[in-house]
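All remarks here apply to the structure that follows.
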Amino acid sequence: MKNEKIFIFGASGFIGGYLFNHLKNKCKKVTGTYNQNKKPELIFFDTANSSIEELPLDNVKYGVICSTLANIDSCIKDLNYSNKVNVTGLEKVITKLVKKDIIPVFISSGAVFDGLTGGYKENDLRNPKNIYGIQKKQMEDFMISNLKDYLILRIGKVFGINKRDNGKIFMDWIEKYKRNEEIKCAYDEELSLTSIEDAVKCIEVLLDQNKRGIFHIDSGIHKSRFDFAKDFFDYLKIKDANLIRCSLDDFNFSDKRAKKPYLDSSKVIKEIGFSFTSLDRYYEIIKNQI
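Under my numbering, the first residue of the sequence shown carries the number 2, and numbering increases by one thereafter.
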């Protein structure tokens, strides 16, 4: 990937934005799109309505697809629109990429699994519980059935470590603590948390090594959301956080949630020698920002 171009669809989002900046900082040739979050370096592209022919895709090797309607409840509330963004629009994008000899890299999710057992491997049975997961599975099936060269990356629950990452688990808890708000955490939702830094570094290595197929990116450290919150505030020596232990079933979600969606990433660890960073290191970085 030394002098090859990478094009990121959805480079103004969380994962896409971090990946864009990471690759740019590594002096990679990278271009990307935005939809709602306008940024001067990026090109406007609406997955549901725009034409890919308008994009500068000459000499691009990888088209990384981060653009998605990722809010689980929004996907079921506006099913027609979410299907256009997450399925039919992306099918058109991928078809055009392949015609231009560009390898599609699809950012998928552990939501393609039912979340009953956790620790899912790449070839385990997929049985999504919600519309968002169904749409991710549809896109995976489309690629597996129609393409020879592709990369599907299922990424576990990702967290940020900067103030701008508000709403991304740890930073969200910190902001709620500062506002003296309740921090409701489910004891029966078992997660594995992966830093956004590790996620984008892992993607870079997979591209550099010309990997194909399906890979899971997940730190492998899993416990309940409540236990993560307790450990986090204990590390920060914060004793007065208003932690509320509850069940995932207590939340008024519009669509179902998997209780054990975490992934097994032994394949990516073995094949590219990737090492995930300990949570304590990130706790310390967050601590220094408070």
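Note that beta-carbon positions come from the ideal geometry of N, C-alpha and C, so glycine has one too. As the structure is a prediction and not an experimental result, all values here were calculated from the model.
Can you tell me which of the three DSSP states Y263 falls into?
Three-state DSSP puts Y263 in coil, outside helix and strand.
Nearest residue (CA-CA) to I132, options S146, S83, K100
Relative to the Cα of I132, the nearest Cα in the group S146, S83, K100 belongs to S83.
Where G161 sits in the DSSP three-state scheme:
It is coil, neither helix nor strand.
What residue range does the beta strand (DSSP E) around G214 cover?
If you look at G214, you'll find it in the beta strand (DSSP E) that goes 214–218.
So, F114 versus D102, is the Cβ gap smaller than 8 Å?
Taking C-beta atoms as the reference points, F114 and D102 fail to come closer than 8 Å.
To the nearest whole angstrom, what separates the beta carbons of E183 and L24, a pair I think is in contact under 8 Å?
Wrong, their Cβ atoms sit about 39 Å apart, outside the cutoff.
Member of K30, I175, P105 whose CA lies at the smallest distance from the CA of F233
Nearest to F233 by alpha-carbon distance, out of K30, I175, P105, is I175.
With a cut-off of 8 Å on the beta carbons, I'd call I145 and V65 a contact; round off their distance for me.
In this structure I145 does not touch V65 by the C-beta definition: roughly 18 Å separates them, more than the 8 Å allowed.
What does the Cβ neighbour count give for K164, buried or exposed, with the cut at 16 atoms within 10 Å?
Counting other Cβ atoms within 10 Å of its Cβ, K164 stays below 16 and is therefore classed as exposed.
Cut-off 7 Å between Cβ atoms - residues of its own chain near T96, not counting five sequence neighbours on either side
So no residue of the chain qualifies.
Going by CA-CA distance only, name the one from K212, A112, F229 that's closest to D256.
Comparing Cα-Cα distances from D256 to each of K212, A112, F229, the minimum goes to A112.
Go ahead and label F252 buried or exposed: buried means 16 or more other beta carbons lie within 10 angstroms of its beta carbon, across all protein chains shown.
Under this definition F252 is an exposed residue.
Same chain only: Cβ atoms within 8 Å of F15, ignoring 5 sequence neighbours per side
Contacts found: V159, G161, D166, K169, I197.
Apply the 10 Å Cβ neighbour rule to S282 and answer buried if 16 or more other Cβ atoms are within range, or exposed otherwise.
According to the sequence shown, residue 282 is Arg rather than Ser. By the Cβ-count criterion, R282 is exposed, with fewer than 16 other Cβ atoms from all chains shown falling within 10 Å of its own Cβ.
Sheet register partners of V61 (DSSP bridge)
DSSP lists K6 as partners of V61.
Residues near L70 in its chain [Cβ-Cβ closer than 7 Å; skip 5 each side]:
Excluding positions up to five away in sequence, the list reads C76, S83, V86, N87.
Are the CB atoms of S220 and L154 within a distance shorter than 8 Å?
Contact: no.
Please go through the stretch 83–139 and give each complete beta strand (DSSP E) segment of 3 or more residues, from N-terminal end onward.
Fully enclosed beta strand (DSSP E) runs of 3 or longer: 104–110.
Could you check the C-alpha separation between S276 and Q37 for me, to the nearest Å?
Whole-angstrom Cα-Cα distance: 34 Å.
Bounding residues of the beta strand (DSSP E) (the contiguous stretch that carries Y35):
Y35 -> beta strand (DSSP E) spans 30–35.
According to DSSP, simplified to helix, strand and coil, what is L43?
Look at L43 here: in three-state DSSP terms it is coil, with no helix or strand label.
Determine, using beta carbons only, whether T34 and A49 come nearer to each other than 8 Å.
Against a cut-off of 8 Å, the Cβ pair of A49 and T34 comes out as no contact.
Length of the line joining the Cα atoms of D241 and K231
D241 and K231 have their C-alpha atoms roughly 11 Å apart.
Taking 6 Å as the limit between beta carbons, can you name the residues of its chain near T32, skipping five residues before and five after?
Cβ within range, chain order: F8.
Per-residue burial, C28 [other beta carbons within 10 Å of its own, 16 or more giving buried]:
Counting other Cβ atoms within 10 Å of its Cβ, C28 stays below 16 and is therefore classed as exposed.
Taking the continuous beta strand (DSSP E) assigned at I245, which residues delimit it?
Its beta strand (DSSP E) spans residues 244–247.
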